[in-house]
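> All letters in the sequence shown, in the order written, are residues 1 to 185 by full-length UniProt numbering.
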Amino acid sequence: MNEQLELHQIQGSLENISSTASQENKKIAMVEGLQVTVPDKKKVAMLFQPTVLRCHFSTSSHQPAVVQWKFKSYCQDRMGESLGMSSTRVQSLSKRNLEWDPYLDCLDSRRTVRVVASKQGSTVTLGDFYRGREITIVHDADLQIGKLMWGDSGLYYCIITTPDDLEGKNEDSVELLVLENARGL
1 MNEQLELHQI QGSLENISST ASQENKKIAM VEGLQVTVPD KKKVAMLFQP TVLRCHFSTS
61 SHQPAVVQWK FKSYCQDRMG ESLGMSSTRV QSLSKRNLEW DPYLDCLDSR RTVRVVASKQ
121 GSTVTLGDFY RGREITIVHD ADLQIGKLMW GDSGLYYCII TTPDDLEGKN EDSVELLVLE
181 NARGL
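(1) Answer yes or no: do V174 and K70 have a C-beta to C-beta separation smaller than 7 Å?
(2) Which runs of the beta strand (DSSP E) spanning at least 3 residues fall entirely within the stretch 95 to 127, listed in chain order?
(3) Let's test the definition: count the other Cβ atoms within 10 Å of the Cβ of F57 and tell me whether it reaches 16, buried, or not, exposed.
(4) Nearest-angstrom Cα distance between N156 and L176?
(5) Sort out for me which residues DSSP pairs A45 with in a bridge.
(6) Can you check DSSP and say which residues form a bridge with V67?
(7) Quick one: grab the DSSP three-state call for D142.
(8) Cutting at 7 Å between CB atoms, please list the residues of its own chain near Q76, excluding the five before and the five after it.
(9) Buried or exposed, going by whether 16 or more other CB atoms sit within 10 Å of the CB of H8?
(10) Is V52 near I160, with beta carbons less than 7 Å apart?
(11) Tell me the DSSP secondary structure of S18 in three-state form.
(12) Thinking C-beta only, is A45 closer than 7 Å to residue 237?
(13) T112 and S73 - do their beta-carbons sit closer together than 7 Å?
(14) Which residue wins for smallest C-alpha separation from P50, given the options G127, V124, N170 and G146?
In structure tokens form, the structure reads like this:
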């Protein structure tokens with residue numbers, strides 16, 4: 001009889017522990033909310049070649065997510081720096097503030113910003129500027145570009161929206177630098 005009572009108490013304790021752990025996991029998911037990450041912060045690719053910009057996300061939502069990729073041009077020409085022609089003013093400003101990047105950090109009103117593509121369910125819609133190009137969103141949130149052009153260099157933002165998961169980090173970015181093939185085309 002005592003063994004049955006002890007077994008019943010142990011089972012009750014295990015059920016309480018299991019229930020508490022389940023509630024804690026739900027709380028963690030609620031606190032974390034939506035989490036978007038781009039594994040490669042900088043990607044170099046060749047002109048006229050295909051590329052994929054990766055984006056991963058996790059959400060506690062049971063609703064389908066809307067995926068959107070936005071393009072933001074550089075604040076100033078990145079090629080000048082590559083050729084050793086950046087201005088001394090820019091160099092001195094960036095040395096004073098190590099967090100500030102003169103090529104990436106500026107107001108959107110000072111650069112080109114446009115929607116590349118959006119995906120809702122299985123439907124992918126291209127932004128006006130990108131219509132007619134081989135661009136799509138694959139594997140939930142990865143941006144696949146079939147043939148890179150000169151104007152494709154810049155920042156790409158992966159933005160995830162869910163109707164009921166408003167907490168957390170809903171976007172991340174990758175810098176894409178398109179270079180000409182050294183051997184010629």
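Quick reminder that beta carbons are idealized off the backbone N, C-alpha and C, glycines included.
Bear in mind the structure is a predicted one, so any value in this text is a computation, not a measurement.
By the coordinates alone:
(1) No, these two residues do not count as a Cβ contact at 7 Å.
(2) Counting whole runs of 3 or more residues, the stretch 95 to 127 contains the beta strand (DSSP E) stretches 113 to 120 and 123 to 126.
(3) Classification of F57: buried, given that the 10 Å Cβ count is 16 or more.
(4) The question names Asn, yet the displayed sequence has Tyr at residue 156. Distance between the alpha carbons of Y156 and L176 is about 7 Å.
(5) V178.
(6) Looking at the DSSP output, V67 bridges to K119 and I160.
(7) The three-state reading of DSSP puts D142 in strand, counting E and B together.
(8) Cβ within range, chain order: P102 and Y103.
(9) Confidence in H8 is poor, its pLDDT being 48 and thus under 50, which makes the residue's placement unreliable; the coordinate value appears in the next sentence. By the neighbour-count rule (16 or more Cβ atoms within 10 Å), H8 is not buried but exposed.
(10) Going by C-beta atoms, V52 is not nearer than 7 Å to I160.
(11) For S18, the predicted model reports a pLDDT of 40, less than 50, meaning its position is unreliable and no value from the coordinates is stated.
(12) Only positions 1 to 185 of the chain appear in this structure, which leaves residue 237 out of reach.
(13) For S73 and T112, yes; Cβs fall inside 7 Å.
(14) Per the C-alpha coordinates, the member of G127, V124, N170 and G146 positioned closest to P50 is G146.
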